[in-house]
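Chemist: One gets the working numbering by counting positions in the sequence shown from 1 and adding 5 to each.
Attaching a single structure in structure tokens format; questions to follow.
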Amino acid sequence: MSEPTPVWAVVALPLALAALTYSAAAMDAGFRAGSGLVAPLREGVRLIVQQRRRTLAPDVLLVRIGVISLPAAALLAATVIPLGGTSVWGLSVGVVWFNAMEVVAWASLWLTGWGVNSAFPLVGGYRFLAQGLAYELPHMFALITAGLGAGSLDFGAVAAAQDDLWFVVWMPVAFAVYLLSALGMTFWGPLGHPVADDLAGGVAAELSGPDRLLFFAGRFALLTVAAAAAVPLFLGGGAGPWLPEWAWTLIKTYAVLAVLVWVRQRFPVIRMDRFMTAAWMVLIPATLLQTLVVGIVVVN
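Here you go:
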């Protein structure tokens, strides 16, 4: 029988997620316009008091489900990621759960794009489905490679298996593909085609007020969770000198998050057809080869 989850972990999870999500939004504002730490707060207040706009004959229920499910998926995915050596939900197949919650983002964007009954958001939803089909297989292979190296799909066990050598050292392809797919699942930076300017904002084009706030907060939260998952998967979890495990986990998460946020301002948005070609011709063969190498090492 598994041990009960410590109360501090249940309390710390949403607080850590909220703090890191806000810091990601503040970093992004700083990179884009040199704004200070209060820029996300000002924008949040503006959207809260802004009156909602509606298109003709929208499906309000679908839009609400789509908007709310994005931050909900991020929070549910975070429950299996250990903060230090403890997670809210010590699931033996936590990697599978994490991947399943990421896929909820597909439904979130599709329902939002479809529900507002407008052309640009609908096209943005189709773009995300195409993007999801392209990044999800390499992403799954990258997750499987880390699980194969540890012989487990439990995040805690994967982190513990890196006591001697972090997986990023001998699984660099899987790590790189994971970071790229993190951009894909959060429609961020070069993979931000579903919300690109050529569609007047794509999926989010018709969102306003609290709906827009929840949507983009969920996007930043999902980016934060993706960065946090990279720590036990490839960066040794909370391992590190002098500081406690939870501190190293937060430091490593913040470092990965900073890189992901920075990428947005340094690379142009990739056309979807080119990304799909690269995914099938380069990313999938590369991750399969990485998985093969790891399998041979583990067996021997």
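Don't be surprised by glycine CBs; every beta carbon is placed ideally from N, CA and C.
Using only alpha-carbon positions, find the residue among G214, P19, V302 that is nearest to G49.
Modeler: The residue given as residue 49 occupies position 44 in the sequence shown. Ranking G214, P19, V302 by Cα distance to G49 puts G214 first.
Chemist: Can you give the Cα-Cα distance for S113 and R59, rounded to whole angstroms?
Modeler: As a first step, residue 113 must be located in the sequence shown, where it is residue number 108. As a first step, residue 59 must be located in the sequence shown, where it is residue number 54. Roughly 18 Å separates the two Cα atoms.
Chemist: Quick one: what does DSSP say L138 is sitting in, helix, strand or coil?
Modeler: As a first step, residue 138 is located in the sequence shown; it is residue number 133 there, counting from the start. Residue state, collapsed to three classes: helix.
Chemist: Please state whether the Cβ-Cβ distance between V200 and A187 is less than 8 Å.
Modeler: The count along the sequence shown starts at 1 and reaches residue 200 at position 195. The count along the sequence shown starts at 1 and reaches residue 187 at position 182. Result no, Cβ atoms of V200 and A187 do not sit closer than 8 Å.
Chemist: With distance defined between alpha-carbon atoms, name the residue in L67, V121, R132, A44 nearest to D278.
Modeler: In the sequence shown, counting from the first residue as 1, residue 278 sits at position 273. It is R132 whose Cα lies nearest to the Cα of D278.
Chemist: From P290 to G223, what distance separates their C-alpha atoms?
Modeler: Translated into the one-based positions of the sequence shown, residue 290 becomes position 285. Translated into the one-based positions of the sequence shown, residue 223 becomes position 218. Those two C-alpha atoms are separated by around 31 Å.
Chemist: If you count every other CB in all the chains shown that lies within 10 Å of the CB of W115, and 16 or more means buried, which is it?
Modeler: Counting from 1 along the sequence shown, the entry for residue 115 is found at position 110. Looking at its Cβ environment, which holds 16 or more other Cβ atoms inside 10 Å, W115 is buried.
Chemist: Helix, strand or coil: how does DSSP classify L248 here?
Modeler: Walking along the sequence shown from the start, residue 248 turns up at place 243. L248 falls in the coil class under three-state DSSP.
Chemist: Which residues bound the alpha helix (DSSP H) around R58?
Modeler: Taking the sequence shown and counting its residues from 1, the one referred to as residue 58 is at position 53. Run containing R58: none; DSSP gives neither H nor E here.
Chemist: Classify M6: buried if its beta carbon has 16 or more other beta carbons within 10 angstroms, exposed otherwise.
Modeler: Residue 6 sits at position 1 when you count from the first residue of the sequence shown. Bear in mind that the predicted position of M6 carries a pLDDT of just 40, short of 50, making it unreliable; the figure below should be weighed with that in mind. Exposed, because fewer than 16 other Cβ atoms sit within 10 Å of the Cβ of M6.
Chemist: Short of 6 Å in beta carbon distance, which residues of its chain neighbour G245, apart from the five on each side in sequence? Order them along the chain.
Modeler: By one-based count along the sequence shown, residue 245 stands at place 240. Here the set comprises W253.
Chemist: Our contact map puts W193 next to L265 with C-beta atoms below 8 Å; I'd like the distance itself, whole angstroms only.
Modeler: Within the sequence shown, residue 193 is the residue found at index 188, counting from 1. Within the sequence shown, residue 265 is the residue found at index 260, counting from 1. Their Cβ separation, rounded to whole angstroms, is 7 Å, which keeps W193 and L265 in contact under 8 Å.
Chemist: If you count every other CB in all the chains shown that lies within 10 Å of the CB of W119, and 16 or more means buried, which is it?
Modeler: Here the question's residue 119 lines up with position 114 in the sequence shown. Under this definition W119 is a buried residue.
Chemist: Am I right that A166 and L238 are in contact with their C-beta atoms under 8 Å? What's the rounded C-beta distance?
Modeler: Locating residue 166 in the sequence shown gives position 161, where the first residue counts as 1. Locating residue 238 in the sequence shown gives position 233, where the first residue counts as 1. Not confirmed; about 11 Å, so no contact.
Chemist: Along the chain, where does the alpha helix (DSSP H) containing F172 start, and where does it finish?
Modeler: As a working mapping, residue 172 is identified with position 167 in the sequence shown. That run of the alpha helix (DSSP H) goes 172-175.
Chemist: For M286, is the classification buried or exposed, using 16 other Cβ atoms within 10 angstroms of its Cβ as the cut-off for buried?
Modeler: The sequence position of residue 286 within the sequence shown is 281, counting from 1. Under this definition M286 is an exposed residue.
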